[in-house]
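A short write-up of the structure that comes next.
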Amino acid sequence: MRYLVKVVLRLVRWIPVSKARAWMLRKIGVKIGEHCRLFKADWGTEPYLVEVGNHVVVSNNVRFLTHDGAVWVFRKEHPDLDIFGSIKVGDNVCLGFNVILLPNTEIGDNSIVAAGSIVKGKIPPNSVVFGNPAKVVMSTDMQKRLMLMSKFRFNSKGMTYKEKKEMLTDYFRKKNAKND
1 MRYLVKVVLR LVRWIPVSKA RAWMLRKIGV KIGEHCRLFK ADWGTEPYLV
51 EVGNHVVVSN NVRFLTHDGA VWVFRKEHPD LDIFGSIKVG DNVCLGFNVI
101 LLPNTEIGDN SIVAAGSIVK GKIPPNSVVF GNPAKVVMST DMQKRLMLMS
151 KFRFNSKGMT YKEKKEMLTD YFRKKNAKND
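Mapping to our numbering: the sequence shown position 139 is 139, numbers consecutive.
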C-alpha cells in the first residue's frame with residue numbers, strides 16, 4: 001500500500017485537470033473541499049494528515065510537510081523516533097507558488113499565503129502572510145482595498161485569450177514607452 005501511495009503521489013502532479021487531481025488525492029486520504037484549484041503540489045508522505053477546505057487555490061510547488069525529517073540525526077540513539085503533525089487549510093485560501101507548510105500548521109479561512117513563504121503554526125482567519133518564517137503582514141480586507149486601487153487592475157474576466165493579450169500588450173507597451 002505504501003508503494004501505491006508513493007506512485008499515486010508522483011502521478012497526481014502530472015494530471016492536467018484539477019477535479020481529477022482532487023479525486024485521486026481523496027482516494028489516498030487527503031480531505032479536500034469543493035471548488036478547489038489544485039496545481040502541481042507535493043502532498044508529502046502522509047497525505048492523510050492534510051485537510052484542505054472549500055474554494056482553495058494550491059499553486060505550483062506548494063509542499064505539505066507532515067513529518068519532521070530532522071529525527072534522522074537521532075536515529076542511532078532512538079531508532080523508532082518519528083514526529084508527525086497535521087496540516088489544515090481553511091476555506092477560501094490562496095497558497096502561492098513554492099509555499100511550504102510545516103507540520104502542525106493551520107491556515108485560517110479567507111487567508112492569503114504569499115509565494116515562497118514557509119508557514120508553521122496557526123495563522124488567524126482573514127490574514128495575509130509572507131516570509132520565512134511567515135508572519136501576518138495585513139488583513140485580507142486591506143489587501144482587497146489595495147488591489148481595488150491598483151493601477152494594474154484590469155477587468156479581463158470573460159475575455160478571450162486574444163482580447164486579453166491585445167489589451168495587456170497595448171497597455172504595457174504604452175506604459176513602457178512613457179518610461180523610456
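Just so it is clear, CB atoms sit at the ideal spot from N, CA and C, and this is done for glycine as well.
C-alpha distance - residue i paired with residue j, whole-angstrom precision
i	j	result
Lys-76	Ser-150	56 angstroms
Phe-84	Glu-51	15 angstroms
Met-24	Lys-165	34 angstroms
Phe-64	Val-137	22 angstroms
Val-89	Ser-18	17 angstroms
Gly-53	Thr-140	17 angstroms
Arg-181	Asn-60	Because the chain here runs from 1 to 180, residue 181 falls outside it and cannot be looked at.
Arg-181	Asp-170	In the structure as shown, the chain begins at 1 and stops at 180. Residue 181 is therefore absent and cannot be evaluated.
Val-62	Met-147	24 angstroms
Cys-163	Gly-131	Looking at the sequence shown, residue 163 is not Cys but Glu. Near 36 angstroms, if we compare the C-alpha coordinates of Gly-131 and Glu-163.
Ile-107	Ala-115	15 angstroms
Asn-176	Leu-168	12 angstroms
Beta-carbon proximity of residue i to residue j, cut-off 8 angstroms
i	j	result
Asn-126	Asn-110	yes
His-55	His-35	yes
Leu-102	Lys-120	yes
Tyr-48	Gly-33	no
Val-129	Gln-143	no
Ser-117	Val-99	yes
Element boundaries [beta strand (DSSP E), containing residue i]
i	result
Phe-130	127-131
Boundaries of the alpha helix (DSSP H) in which residue i is found, first to last residue
i	result
Met-138	Where Met-138 is concerned, there is no enclosing alpha helix (DSSP H), although the beta strand (DSSP E) it sits in stretches over 134-139.
Quiz item: Hey, which unbroken runs of the beta strand (DSSP E) at 3 residues or more fall wholly within the stretch 20-87?
Solution: Runs found: 50-52.
Exercise. Any chance you could list the alpha helix (DSSP H) runs of at least 4 consecutive residues sitting entirely within the stretch 91-177, in chain order?
Key: The alpha helix (DSSP H) runs of length 4 or more contained entirely in the stretch 91-177 are, from start to end of the chain, 140-149.
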